[in-house]
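Residue numbers (the working numbering): 1071 to 1507.
The block underneath contains the structure these notes are about, expressed in structure tokens.
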Amino acid sequence: MYDVFSLPAIRFPEGFLWGSATAGHQIEGDNIHSQAWHNEQQPDFYRDDPKRATRAPSGKACDHYRLYREDVELLASLGHRAYRMSIEWSRIEPAEGRWDHEALAHYLDLLERLAGKGIHIFVTLHHFTHPLWFERLGGFGVADNRRFFERYLAFLLPKISPLVSGWNVINEFNQWGGLTAGPAIASLKFNMLRAHALGYHLIKRHSQAPVSSAHAFVHWFPRRFHDDLDRRMTAFADFATNEFFFHALRTGELVYPGVDAEYDPDVKGALDCWSVNYYTRHMIDARRAGLEGPRFRHKELRMIPMRFYLEEMYPEGLIANLERLRDYPVYITENGCCADDDRFRIVYLALHLSALHEALERGVDVRGYLYWSLMDNYEWTTFIPRFGLVAVDFQTFRRTLKASALFYREVIRDNGFSGETVRRHLDALPTLPQDST
Ligand code: IFM
């Protein structure tokens, strides 16, 4: 364990943007026209969990669609100056070509309230979910379907642009398909790069605010550091999930293992900043079919009562990876942990913010940090991983501040912190149970 009480005092640059992030489907509730909602109703949804111990449908999630006014007040009371949220395409266009003006008015009211509090708003235009009708047409898997996304953006962007201070066209598509090579996955990734570029150029017609797509930056490392095969496969994993994306946006070259490279001038330079979501590191084992290794046994501590892929904390990964992104300003658009013991979140925050500061000192132009997530929410198939600074009771939807929210509020107020700040909010270091599953 690190000694977070002895961390040296750090201060971030003047004007550094502090805040938090959420996504529509994970907090709003009743997102009934989306493909995700539809999938959650199918018996097949429980195939990996026949006893329904961990999986659950999103249902009312945090009931944020109803409680958004209170949530804006909450954000402001916690001192957040920036907020990343997504707009649900399936609410705005529930049936093909039919616009729901009430849903649009809802989002405009939310954006106006946030702006009224002086909060810098980052909007994600596609955060994993889209209308069921679009999914049934093949979604982004069909290249020609980009025209539906284009039509939606052409409707939405002029209306919301004056209120938006930063854009993510698509969330984390760089990880889709995992560590597979070959034509099917390459074609999906190329489609997504082109959908990103389409969004980028459309936004530019309406907005001066910086545009990117949020990149899930996974830090891969070899199971056996001396082993050539593990190291080569680690390089492959890094290319398949990270580098293909950076390379395409920098050069316009769409390169992926198993297919001929393509060149698309619209993709080249289609970004104003890097938008980085960073959580943990992941082990690569060349001798396993899926390549993903286990965790180090001595680090198999459980932060929540289920196996979860985001449990191996590695703050240094922020430094190593951000150093690869020196050519544009960087926003951390997600970073967080899902421990039940909130004290661990304070440790996680203290270490990751220290690492982030070190990346700044090494010359990376980091402009802001958005913690994932403002509140406990729906983690796609389950409510068990709790990422929130604010606890949500999923029966009553009551919000309760955690100690980490107060720690983070002080970090924001002081534009930095020291080991002393940590001590004021953390009575003792957390202990985590060893994996027993
Ligand atoms: O909850 C997700 C989010 O939707 C995308 N990034 C990772 C988070 C934690 O798993």
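Built from N, CA and C at the ideal position, the CB exists for glycine as well.
Every value quoted in this text rests on a predicted model; they were computed, and no experiment measured them.
In the DSSP assignment, Leu1471 is bridged to Val1460. The closest heavy atom of ligand 1 lies 7 angstroms or more from the beta carbon of Leu1444.
Taking C-beta atoms under 8 angstroms as the contact rule, Ser1424 and Leu1077 qualify, at a distance of about 6 angstroms.
The distance from the Cβ of Ile1230 to that of Leu1178 is about 7 angstroms, consistent with a contact at the 8 angstroms cut-off. Asp1435 and His1352 have their C-alpha atoms some 26 angstroms from each other. Our two residues, Ile1416 and Tyr1072, have alpha carbons roughly 12 angstroms apart in a direct line. From the listed residues Tyr1379, Leu1145, Thr1304, Met1373, the smallest Cα separation to Thr1250 is found for Thr1304. Exposed is the label assigned to Gln1504, since fewer than 16 other Cβ atoms lie within 10 Å of its Cβ. Per DSSP, Asn1312 lies in no beta strand (DSSP E) segment and is marked neither H nor E. In this structure, Leu1272 and Ala1224 form a Cβ contact; the two beta carbons are roughly 7 angstroms apart against a cut-off of 8 angstroms. Secondary-structure assignment with DSSP links Thr1194 through a beta bridge to Ser1156, Asn1238. CA-CA distance, Pro1335 to Tyr1270, rounds to 13 angstroms. Taking 8 angstroms as the cut-off, the beta carbon of Ala1126 is found no closer than this to the beta carbon of Phe1198. With respect to Leu1440, Ile1389 sits apart: the two C-beta atoms are not nearer than 8 angstroms. In the structure shown, the three-state DSSP call for Trp1107 is helix.
In terms of Cβ geometry, Leu1380 and Cys1343 do not form a close pair [threshold 8 angstroms]. As DSSP reads the structure, Val1492 sits in no beta bridge. Collapsing the DSSP output to three states places Glu1362 in a strand. Bridge partners of Trp1442 according to DSSP: Ala1091.
With contacts defined as CB atoms closer than 8 angstroms, Tyr1348 and Met1383 fail to qualify as a contacting pair. Among the bridge pairs identified by DSSP, Gln1504 is matched with Leu1371. Taking the C-beta atoms as reference points, His1266 is found nearer than 8 angstroms to Ser1283. Non-local C-beta neighbours of Glu1370 in its own chain, meaning closer than 6 angstroms and more than five positions away in sequence, comprise Asp1505, ordered along the chain. Ala1146 and Tyr1138 have their alpha carbons spaced roughly 12 angstroms apart. Per DSSP, the beta-bridge partners of Pro1292 are Ile1354. With a cutoff of 7 angstroms, Gln1105 does not count as near ligand 1, since its C-beta is closer than that to no heavy atom of the ligand.
For Trp1344, DSSP records a beta bridge to Val1400.
Annotated as distal: Ser1156 and Pro1201, with beta-carbon spacing of 8 angstroms or more. Taking each of Glu1332, Leu1430, Ile1102 in turn and checking the Cα distance to Ala1173, the smallest one comes out for Ile1102. Of Ile1482, Gly1438, Arg1493, Asn1485, the smallest CA-CA separation from Phe1192 is found for Gly1438. Not one heavy atom of ligand 1 is found less than 7 angstroms from the C-beta of Asn1405. Where Val1142 is concerned, the enclosing alpha helix (DSSP H) starts and stops at 1134 to 1147. Closest in C-alpha terms to Ser1090, from the list Leu1499, Arg1151, Pro1228, comes Arg1151.
Here the alpha carbons of Pro1120 and Ala1340 stand approximately 44 angstroms from one another. Placement of the Cβ of Ala1093 at a distance of less than 7 angstroms from at least one heavy atom of ligand 1 is found. For Asp1214, the closest alpha carbon among the candidates Arg1264, Trp1246, Arg1413, Phe1243 is that of Arg1264.
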